[in-house]
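The block underneath contains the structure these notes are about, expressed in structure tokens.
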Amino acid sequence: MPITEIQFPILTHFLCSVESNTGMPPQPLDATPAQAAKAEAKQQQEDGRPNLPKGVVLGPDGKPCRSCTSVASWMAMARSSPSGSKPTNIATSVPPAQTTSSLDIPSDCPPDVEQLGRSTWTLLHSLTANYPERPSLTQQSDTRQFMSLFGKMYPCWVCADDFRAWMQNGNAPKVSNREEFGKWMCEAHNAVNVKLGKPSFDCDKWEERWRTGWKDGRCD
Ligand SMILES: Cc1cc2nc3c(=O)[nH]c(=O)nc-3n(C[C@H](O)[C@H](O)[C@H](O)COP(=O)(O)OP(=O)(O)OC[C@H]3O[C@@H](n4cnc5c(N)ncnc54)[C@H](O)[C@@H]3O)c2cc1C
């Protein structure tokens, strides 16, 4: 007979009610990551959910979201699903952050989270580089609206959620002139860099990187 049943009747009652309410046996409070992963895998098996690799993110339709997932995680998922069939549920919503640089996939495949990100930053910084030095009130208002819609429509929804939260948290777009907008975009990009553990970019150099080319002339 378990010791709790003999010595701690109140604890036993509590644990039994946890089990009857949640359908799960009581878990150790200090489960190690390995124990937690094992418990999650077991739960997935019981629920009939596939065991998806870490980093695979579900889209709003409940299916794996390619634009939210790195190539590395996507390929790991494809390898782990039986006979190449695609799973329809997700096991985790861990933010995507694995590198794809070592993976060689054809250039005409749908973009993963990194390729989409690189292309999007190119568009966003190029927008700032071509923004007027003295924008009209309409241009400023259009730009604010664009950034707001962008935050709702960016295809990596976990990225978009965080980006919207960042903008709403005292970082509304600064659009009164090119310099201000360019710096703001650089800071926005740095906020994502920090989140992903990447080095910050020196925002005094945003214009050299995205508009004029480097002073050493290598872009001329
Ligand atoms: C709005 C948004 C949110 C994102 N959120 C996530 C996320 O939550 N999780 C995730 O995994 N990925 C996210 N991404 C993608 C991520 O930011 C990167 O694009 C991706 O990881 C590829 O990174 P990279 O190292 O190739 O360079 P990128 O970060 O794509 O940068 C491209 C180039 O821009 C220049 N650069 C770098 N930083 C700056 C800066 N601050 N200002 C100006 N120029 C700069 C550098 O020359 C760099 O090579 C997001 C992308 C966007 C557009």
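Numbering follows UniProt numbering, in which position 117 of the sequence shown is assigned residue number 117; successive positions increment by one, without gaps.
Idealized CB from N, CA, C, for every residue including glycine.
For Arg-66 versus Pro-110, is the C-beta distance shorter than 8 Å? yes
Nearest by alpha-carbon distance to Tyr-131: which of Ala-76, Ser-70 and Phe-181 is it? Phe-181
Checklist entry - Just to confirm, does Asp-112 get its C-beta within under 7 Å of one of the non-hydrogen atoms of ligand 1? => result no
Check: In three-state DSSP terms, what is Leu-58?
Finding: strand
Item to complete: In the DSSP assignment, find the unbroken alpha helix (DSSP H) run with Asn-177 in it and report its ends.
Response: Run containing Asn-177: none; DSSP gives neither H nor E here.
Start-to-end residues for the alpha helix (DSSP H) that takes in Gly-197:
Note, Gly-197: premise wrong, no alpha helix (DSSP H); not H, not E.
- Among the residues of its own chain, which have a CB less than 6 Å from the CB of Arg-164, if the five just before and after it don't count? Gly-151
_Taking 8 Å as the cut-off, does the segment 207-215 touch the segment 161-177 (at least 3 CB pairs, one atom from each stretch)?_
no
Between which two residues does the alpha helix (DSSP H) holding Ala-160 run? 157-168
Between Asn-190, Gly-197 and Gln-140, which has its C-alpha nearest Lys-205's C-alpha? Asn-190
| query | Can you name, in chain order, every residue of its own chain whose Cβ lies under 6 Å from the Cβ of Leu-116, other than the five neighbours on each side? | reply | Ser-67
For a quick check, are the C-beta atoms of Gly-59 and Trp-157 less than 8 Å apart? yes
Does the separation of the CB atoms of Pro-64 and Met-77 fall below 8 Å?
yes
- request: Classify Met-153 as buried or exposed, calling it buried when 16 or more other Cβ atoms lie within 10 Å of its own Cβ.
  value: exposed
Margin query: Is Asn-190 near ligand 1 - that is, is its Cβ less than 7 Å away from at least one heavy atom of it?
Written below: yes
Just to confirm, does Lys-195 get its C-beta within under 7 Å of one of the non-hydrogen atoms of ligand 1?
yes
* **Burial state of Val-113 (16 or more Cβ within 10 Å)** => buried
>> Would Asn-177 and Arg-134 be called neighbours here (beta carbons separated by less than 8 Å)?
In response: yes
Hey, could you find the ends of the alpha helix (DSSP H) Thr-143 is sitting in?
137-153
- residue 228 to Glu-208, Cα distance in whole Å? Residue 228 lies beyond the range of the chain shown here (1 to 220); nothing can be said about it.
Does the Cβ of Lys-198 lie closer than 7 Å to at least one heavy atom of ligand 1? yes
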